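Peer 1:
Residue numbers (the numbering used here): 2 to 82.
1) Give a yes or no on whether the C-beta atoms belonging to residue 40 and residue 18 are separated by under 7 angstroms.
2) Can you list, in chain order, the residues of its chain whose CB lies under 8 angstroms from that of residue 62, leaving out five sequence neighbours each side?
3) With a CB to CB cut of under 6 angstroms and the five nearest residues on each side skipped, what residues in its chain are close to residue 32?
4) Enumerate in chain order the residues of its own chain whose CB-to-CB distance from residue 44 is below 8 angstroms, with the five nearest sequence positions on each side excluded.
5) Less than 6 angstroms between C-beta atoms, sequence neighbours within five positions excluded: which residues of the same chain meet that for residue 7?
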């Protein structure tokens with residue numbers, strides 16, 4: 002969900018990639034950075050978030066190794082995998 006989905010109105014200069022990723026205006030110290038630096042930070046945050054999701058998915062699927070084979074389908078369904 003991005004800020005525009007909630008009906009929140011942000012000033013035009015604050016609606017950038019970082020604001021969208023954070024779902025809120027960045028802290029004043031970050032907002033004071035040049036636009037290029039905020040875009041670089043947004044790209045890094047997005048990359049780390051993607052990697053974290055991948056690692057958690059691998060860990061969740063790996064955890065299924067501890068579940069008996071005949072229960073894995075039910076466990077996958079219960080946890081949404």
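We put the CB at the ideal spot given by N, CA and C, even for glycine. Here the structure is a predicted model, which is why all the values come from computation and not from measurement.
Peer 2: On the basis of the data shown:
1) Result yes, Cβ atoms of residue 40 and residue 18 sit closer than 7 angstroms.
2) Correct list, in chain order: 82.
3) Around residue 32: no qualifying Cβ.
4) Hits under 8 angstroms: 18.
5) Low local confidence applies: a pLDDT of 43 at residue 7 is under 50, so the model's placement there is unreliable, and no value is given.
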